[in-house]
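These notes concern the structure reproduced below.
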Amino acid sequence: MFAVKKKDEINYDQVDTILGRGTEFKGNITAHGTLRIEGRVEGDIAVKGDVVISESGRATANIKARHATVAGEVEGELDLEGRLEITATGKVRGKIHVTNLAVSDGGFFLGTCEMRGAEEGARKSTAAAPEMENAFANASS
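Take the sequence shown: its letter number 127 is residue 395 in the numbering used here, and every next letter is one higher.
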C-alpha cells in the first residue's frame, strides 16, 4: 500500500535545478538541492543534494554531491557521500569515491573506485573469519 523510501534514493519529484536538453554550460555550478542535467556541462559541480545525469546529459566535470544517478555520460571525478547508480544507458569514465555503487546491466564504468567505509568492513570480516572457522570445526566434531 505505502512504499517505504530508502534514504539512499533520489527523489526525482523534487528537482531544484534543471540544465535542459540542448543547453551547453562551461563553468562551475554550485547548488543546494537536486540538479538534473539533460544538456552538456563542462567544469566543476558542487551540490549539497543529488545529481541526475539524464540519458541526453553529458558532463565533463568533477562532481561533488550526496548521491548521483547517471543515465547519460560522465567523465571526471565523482566524490559522493553516498550512492552512485549507473543505469543501463549510463557511462562513467574516471575516478569515483562512493559509499555504495550500483551498476545496471548494460551500464559502463571505466576507472578507479574507492569505497568509503570499505577498510572498516574488511577489518570486521577478517576478524570474524577465525571465529567462523572455529564454529565450523566445533560443529563437525
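The beta carbon of each residue, even a glycine, is placed where N, CA and C say it ideally should be.
- Take Arg334, set aside five residues on each side of it, and the residues of its chain with a beta-carbon closer than 8 Å to its own are Val315, Lys316, Gly317, Asp318, Leu348, Glu349 and Gly350, in chain order.
- Beta-bridge analysis with DSSP links Lys332 to Ala314 and Asp347.
- Taking each of Leu352, Gly325 and Val366 in turn and checking the Cα distance to Arg384, the smallest one comes out for Val366.
- Beta-carbon to beta-carbon, Arg361 and Glu345 are separated by about 10 Å, too far to satisfy the 8 Å threshold.
- Under the DSSP definition of a beta bridge, Ala370 partners with Glu353.
- Residue pairing by DSSP places Glu323 opposite no residue, since no beta bridge is assigned to it.
- DSSP places Arg289 in no beta strand (DSSP E); its state is neither H nor E.
- Judged by beta-carbon spacing, Thr291 lies within the 9 Å limit of Arg308, meaning their Cβ atoms are closer than that value.
- When Thr298, Val338 and Ala299 are compared, the shortest CA-CA separation from Ser324 is found for Val338.
- His300 is bridged by DSSP to nothing; it lacks a bridge partner.
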